[in-house]
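Mapped onto the numbering used here, the consecutive letters of the sequence shown carry residue numbers 18 to 492. Positions of the beta carbon are idealized from the N, C-alpha and C atoms, including for glycine. For clarity, every value in this text was computed on a predicted model and none was experimentally measured.
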Amino acid sequence: MARTGGGGERMSGRLTLSLVSHTNVGKTTLARTLLGKDVGEVRDRAHVTEESTRHVLVTDADGGELVLWDTPGFGDSARLLARLRASEEPLKAFFAQTWDRLADRPLWCGQQAARNVRDEADCVLYLVNGAENPEDAGYVHAELELLAWIGRPVLLLLNQTGPPREAGERRAEEDAWRTRCEGFDIVRGVLGLDAFTRCWVQEGALLEAVREALPLERRSACDPLLEAWMDERRVRWRTAMSLIAKELWRAGDDREELEEGALRAGRRRGMERLAARLENGLGRALDELIELHGIEGRGRAELRTALKDFAATGGGLSPRKLGLRGAVISGFIGGLAADLASGGFSLGGGMLLGAAGGWLAGHGAGRAVEWVSGKEHPCVEWTPGLLERLAQELLLRYLAVAHFGRGQGNWRDGQGPGFWSEHVARALAERSEEFTGALETGRADGGGPAALEAVLTDATRAALVACYPRAARLL
């Protein structure tokens with residue numbers, strides 16, 4: 018066993034993190050996100066958490082544990098610091114003091130948090146409100162001074178930073194807080210980790226930072242735990258790519274034969290059946306992604322369909338015959354007309370699924386026709402262009418789910434930042450030939466979606482690294 022400076026004991030196969038902050042900054046919300054389950058009580062008022070609570074983040078093959086403590090928040094830090102500075106032995110005086118739990122609640126809660134750090138922590142995760150100007154957060158200096166007296170390594174985490182942002186913006190914010198922490202050698206790193214919008218690769222970067230903050234003799238306990246945690250997340254990531262690949266494969270392999278003697282009406286009915294199956298598949302895939310990530314709630318697949326995204330194959334049909342004269346739009350939801358007119362396809366921020374009963378036709382639909390030899394009957398199927406755009410949208414849905422912190426509660430879809438689309442589009446464009454080849458190869462050799470899964474995994478890796486450069490060594 019390794020003993021702490023304050024008298025507590027730590028098992029050599031156990032690594033313990035104490036999550037501390039000023040009151041009402043979001044410790045328990047972040048704990049829910051890190052643990053992937055609802056723990057504690059979350060309310061918008063001071064000192065909701067009254068007792069330190071122990072949770073296990075992960076166990077390794079040898080029974081080692083990565084433990085997270087959720088602690089009460091520091092309260093009247095300035096008054097507390099003034100008292101401690103007046104004492105010849107401030108830390109001893111602090112822990113010997115008896116405060117009334119109700120009358121002196123801020124001081125009592127702060128004492129409980131500090132005692133947990135002294136007795137349990139290998140490393141302290143000190144959470145601050147990233148929405149504040151660092152210079153305006155006066156409580157930070159007092160609380161860091163108290164933590165410095167205890168002497169555990171500290172990682173300062175920025176919560177409440179808002180929607181995901183580009184790496185450069187995050188670095189600038191982290192640098193401002195590093196400047197705020199100058200003079201405190203216990204602070205070994207500053208990282209953004211919003212409880213609502215963090216991504217799992219940021220959690221991995223946090224655990225790597227924990228390892229680097231530890232004394233050399235404690236790092237051996239961290240290595241198997243870090244690897245066990247990463248193995249769990251990598252399995253989840255690859256499972257997500259498998260789900261997406263299977264849905265794309267199903268859509269790419271789907272087709273509807275046209276009814277003889279009624280090509281126009283038959284084509285319409287075929288389109289409707291094809292779109293209905295895609296609708297069901299998208300809804301199922303999104304729901305499975307949400308469940309896979311330990312989030313409660315269900316997704317609402319939102320599909321916008323244009324006739325350009327159908328191909329008519331075989332049967333000697335001409336593009337002119339298959340084009341419907343007089344563009345008609347009906348049964349779609351707001352904003353669809355512009356998408357259809359441009360031949361676009363968008364799942365948008367909410368993946369809005371409209372009825373497949375309204376159709377836009379004309380020359381745009383005709384240009385979507387392609388000829389495939391060997392077809393005995395004409396049929397409609399999704400074009401390769403739609404499948405590639407669908408892959409982009411499904412990878413964007415993956416990013417949305419991977420960033421959704423459990424602390425938010427039930428799943429709520431929202432518009433992702435524009436740079437996600439840029440990174441995903443670039444990653445897929447660089448692998449466009451591999452994507453098309455994976456669809457064709459899987460059909461030719463009977464390999465199914467396996468090759469497609471590999472392409473999607475590689476594309477997602479590139480997009481995640483573009484968003485989070487620190488993730489490169491984790492993936």
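Identity of the residue in the options nearest residue i by Cα
i: Thr33; options: Glu137, Leu416 and Thr474; result: Glu137
i: Phe436; options: Gly314, Glu450, Ala417 and Val73; result: Ala417
i: His440; options: Ser94, Ala483 and Leu223; result: Ala483
i: Val227; options: Leu233, Asn176, Leu275 and Leu172; result: Leu172
i: Leu411; options: Ser259, Ala212 and Met288; result: Ser259
i: Gly127; options: Leu224, Ala95 and Gly269; result: Ala95
i: His158; options: Pro181, Ile203 and Arg188; result: Ile203
i: Glu149; options: Glu191, Ala302 and Trp125; result: Glu191
i: Tyr415; options: Glu152, Val84 and Gln432; result: Gln432
i: Leu299; options: His310, Thr400, Lys263 and Glu289; result: Lys263
i: Gln409; options: Gln177, Phe452 and Arg187; result: Phe452
i: Phe421; options: Gly53, Gly43 and Arg188; result: Gly53
i: Tyr143; options: Pro486, Leu407, Ser237 and Phe201; result: Phe201
i: Pro89; options: Ala130, Glu152 and Arg205; result: Ala130
i: Cys140; options: Gln177, Leu224 and Ala212; result: Leu224
i: Asp271; options: Arg195, Ala165 and Thr400; result: Thr400
i: Arg236; options: Ala292, Gly454, Leu456 and Gly30; result: Gly30
i: Arg429; options: Ala455, Leu404, Glu308 and Arg315; result: Arg315
i: Ala184; options: Leu210, Arg205 and Glu160; result: Leu210
i: Gly402; options: Gln425, Ser438, Leu413 and Ala446; result: Ala446
i: Arg132; options: Asn176, Lys109 and Gln425; result: Lys109
i: Ala230; options: Glu186, Pro170 and Gln219; result: Pro170
i: Leu36; options: Leu174, Arg187 and Val75; result: Leu174
i: Arg255; options: Ala238, Leu309 and Thr214; result: Leu309
Where residue i falls: helix, strand or coil (DSSP)
i: Thr178; result: coil
i: Arg169; result: coil
i: Trp376; result: Since pLDDT at Trp376 reaches only 32, below the 50 mark, its modelled position is unreliable, and the value read off the structure follows with that caveat. Three-state result, Trp376: coil.
i: Glu3; result: Because the chain spans 18 through 492 in this model, residue 3 falls outside it and cannot be assessed.
i: Cys396; result: strand
i: Asn150; result: coil
i: Thr70; result: strand
i: Val227; result: helix
i: Leu456; result: helix
i: Thr214; result: coil
i: Arg205; result: strand
i: Val75; result: strand
i: Ala63; result: Only weak support is given to the placement of Ala63: the predicted model assigns it a pLDDT of 46, under 50, and the question is left unresolved by the model.
i: Ala323; result: Note on Ala323: pLDDT 38, under 50, position unreliable in the model; the coordinate value appears next. Of the three classes helix, strand and coil, the one that applies to Ala323 here is coil, per DSSP.
7 angstroms Cβ cutoff, residue i in contact with chain D
i: Leu85; result: Annotation note: the requested chain D is absent from the structure, which comprises a single protein chain.
Own chain residues within Cβ distance below 7 angstroms of residue i, not counting five before or after
i: Asp475; result: Arg448
i: Met247; result: Gly221 and Leu491
i: Trp217; result: Arg250 and Ala419
i: Arg487; result: Ala222
i: Glu162; result: Leu98
i: Glu470; result: Met258, Ser259 and Ala262
i: Glu160; result: His39, Phe91 and Ser94
Limits of the unbroken beta strand (DSSP E) element including residue i
i: Glu82; result: Glu82 to Asp87
i: Thr45; result: It is not in any beta strand (DSSP E) - Thr45 instead sits in the alpha helix (DSSP H) that spans Lys44 to Leu52.
i: Ser35; result: Arg31 to Ser38
Spatial neighbours of residue i in its chain, beta-carbon cut-off 6 angstroms, leaving aside the 5 residues before and after
i: Ile167; result: Val134 and Arg135
i: Pro123; result: Gly92 and Asp93
i: Glu313; result: Asn427
i: Ala302; result: Leu260 and Glu264
i: Ala489; result: Val482
i: Ala455; result: Ala468, Leu469 and Val472
i: His480; result: Reading the sequence as shown, one finds Ala at residue 480 and not His. His440, Val441 and Ala444.
i: Val207; result: Leu173, Glu191, Trp194 and Arg195
Counterpart residues of residue i in DSSP-defined beta bridges
i: Arg251; result: Note: Arg251 sits in no beta bridge, so no partner.
i: Tyr143; result: Val37 and Leu173
Residue i, enclosing alpha helix (DSSP H) - first and last residue
i: Ser438; result: Gly435 to Ala446
i: His420; result: Pro401 to His420
i: Asp1; result: The displayed coordinates of the chain run from 18 to 492. Any statement about residue 1 would go beyond what the structure contains.
i: Ala184; result: Ala184 to Arg197
i: Arg96; result: Ser94 to Arg102
Neighbourhood of residue i by C-beta distance below 8 angstroms, restricted to the same chain and skipping five residues each side
i: Val56; result: Thr45, Ala48, Arg49, Thr70, His72 and Asp87
i: Gly464; result: Thr458
i: Glu305; result: Leu260
i: Pro241; result: Asp77, Ala78, Asp79 and Gly81
i: Glu152; result: Arg197
i: Tyr485; result: Ala184, Cys216, Val218, Gln219 and Ala222
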